[in-house]
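Sequence positions in the sequence shown follow mature numbering (1 follows the signal peptide of the UniProt record, and there is no 0) and run -24 to -1, 1 to 216. Backbone N, C-alpha and C define an ideal beta-carbon position, used for all residues, glycine too. Quantities reported herein were computed from a predicted structural model and do not represent experimental measurements.
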Amino acid sequence: MKPIKSRWLLGAMLVLLAACSKMDDTYKNFLNGGEIIYTGKVDSLKVFPGKNRVLLSWYLISDPKITKCRVYWNQRSDSTEVAVKRTGGTDTIRLLLDKLSENIYTFQVYTYDNAGHSSVREEVIGNAYGDAYVATLSNRPVRSAKYDAAKKETTIWWFGVNNQVQSVEVLYTNTAGVETKIVQVADSVPAGPRDPLEFRASLKLPNYQAGTSLRFRTAYKPVKIAIDTFYTAYETQAVQ
């Protein structure tokens, strides 16, 4: 029984050695006679969405030999390069990519040195918004708009807003016959990142010209870190 076990162990060891030898040969071919050299990778890669564009930002912390960064997207069918001049410390790189179709993108970022060595990949997923997103937006609904002749002012009473609304812009004619703009912004920012900004339920328009209507539109950001603001079309509101 023991000779059989010994022969089995010897055979297993020979197979293992052969496998290791094959792996060594594979890595030798891959290394091509030398050690793989990587440049330092990017740190804290972020994407900020916009209208048919995005802003990418990242840090270069290590490796003073880095001379450029390359960004790929669209399954690597599109790319661009950023020349880098390292300082003595942490460098912040920002790259604006415009003329993007409305879509979700995966951005891959590599660093390079003058010898052509590259870093391992860092990637981030982000959106470029466009007309399809704008088509989903609606104005803040008006509960009522009433004119007070004694005060010569109109008060708009609103319904609520969703968590993407940033402001409401109102245009009206004042008592001097001049178009006036008032922008209603949030009164406070909620603690919860998914909660809507807190807006007053009403808005007063002073020195309002009696017998005229008003126009308004609503500003949105799809996410709080978006670099662009999106607007609805102006809507005309009659005043009682």
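Inter-residue spacing [alpha-carbon to alpha-carbon] between residue i and residue j
i, j, result
"VAL159", "GLY26", "22 Å"
"residue 218", "THR130", "In the structure as shown, the chain begins at -24 and stops at 216. Residue 218 is therefore absent and cannot be evaluated."
"ALA125", "PHE206", "35 Å"
"TRP134", "HIS93", "59 Å"
"TRP49", "GLN84", "7 Å"
"ALA59", "PRO40", "13 Å"
"LEU21", "GLN140", "24 Å"
"TYR3", "ILE13", "Its pLDDT being 34, under 50, TYR3 is placed unreliably by the model, and nothing is read from it."
"ASN103", "LYS128", "46 Å"
Residue i, DSSP secondary structure in three states
i, result
"ASP89", "strand"
"ASP74", "coil"
"ASP19", "strand"
"ALA214", "coil"
"VAL96", "coil"
"ASP124", "strand"
"ALA202", "coil"
"ASP67", "strand"
Nearest to residue i (by Cα), restricted to the options the options
i, options, result
"GLY106", "ALA177, ILE203 and THR156", "ILE203"
"ALA195", "ASN183, THR66 and VAL161", "VAL161"
"VAL100", "TYR184, VAL23, GLU11 and ALA186", "VAL23"
"THR212", "THR151, GLU145, LEU21 and GLY64", "GLU145"
"residue 234", "LYS128, TYR35 and PRO198", "Since the displayed the chain opens at -24 and closes at 216, residue 234 lies outside it and no answer follows."
DSSP beta-bridge partners of residue i
i, result
"GLY102", "TYR81"
"ARG46", "GLU57 and TYR86"
"PRO25", "VAL30"
"GLU11", "Answer is none; GLU11 lacks a bridge partner."
"LYS157", "LEU147"
"SER178", "TRP133"
"ALA195", "SER143 and TYR207"
Per-residue burial, residue i [other beta carbons within 10 Å of its own, 16 or more giving buried]
i, result
"LYS17", "buried"
"ILE80", "exposed"
"SER120", "exposed"
"THR68", "exposed"
"ILE42", "buried"
"ARG116", "buried"
"LEU7", "Confidence in LEU7 is poor, its pLDDT being 47 and thus under 50, which makes the residue's placement unreliable; the coordinate value appears in the next sentence. Exposed: under 16 other Cβ atoms inside 10 Å."
C-beta neighbour in chain B for residue i, strict 8 Å
i, result
"ASP204", "Any reference to chain B falls outside this structure, which holds one protein chain only."
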